[in-house]
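Input: a single structure, listed below in structure tokens.
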Amino acid sequence: MTQTDHSSLHPVLRVDFPHAERLGRGKIELLEHIRETGSISAAGRAMDMSYRRAWLLVSALNSMFQQEAVESQRGGKQGGGAILTPFGEELIRQFRAMEAKAQAALASELAWLQDNLSASAPSIKGPEPHS
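Each residue of the sequence shown is one higher than the one before, starting from 143 at the first, in this note's numbering.
So this is what it looks like as structure tokens:
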């Protein structure tokens, strides 16, 4: 997973789709956790969210595109689980590439903002919502 340096300024990418759908770092992070854990439930726990919330986000992702990002298997002898599809893997790659391009494109402006922060400004922290 990509870790963000919270000691410096950085743009936060969110893509708004028609019909109020959104793709942001929260959904991408959830996909990365699913890839690591093989489980929607475990991925949700890693992000301190309920299974229901994680499942709803996966369902939204799978409905947004022509191809599903996550395939899940119900419990039973195999024990259930979830895997990313090739499309899900590519979705992560494309989103992270867009983030890197935004960071590079705005580097000088972000540096200017950083240089002009007040010494008494609170420490910089990324936004909390997961989209």
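Built from N, CA and C at the ideal position, the CB exists for glycine as well.
Asked	Found
Short of 6 Å in beta carbon distance, which residues of its chain neighbour F237, apart from the five on each side in sequence? Order them along the chain.	I170
Could you spell out where the alpha helix (DSSP H) holding R167 opens and where it closes?	R167 to T179
Touch check for the stretch 194-207 and the stretch 241-257: three-plus C-beta pairs under 8 Å?	no
Could you tell me which residues DSSP puts in a beta bridge with D158?	R164
Considering only the alpha carbon of each residue, which of S181, A162 and A263 lies closest to Q215?	S181
Comparing C-alpha positions only, which one of P160, A162 and M191 sits nearest to H175?	M191
In chain order, what residues of the same chain have a beta carbon less than 8 Å from the beta carbon of Q209, not counting five sequence neighbours either side?	T227 and F229
To the nearest angstrom, how far is the alpha carbon of T144 from that of A239?	Caution applies to T144, whose pLDDT of 48 falls short of 50 and renders its modelled position unreliable; the value that the coordinates give is listed next. Straight-line Cα distance between these residues: approximately 11 Å.
Assuming A196 and L172 are in contact, meaning their beta carbons sit under 8 Å apart, how far apart are those beta carbons, in whole angstroms?	6 Å
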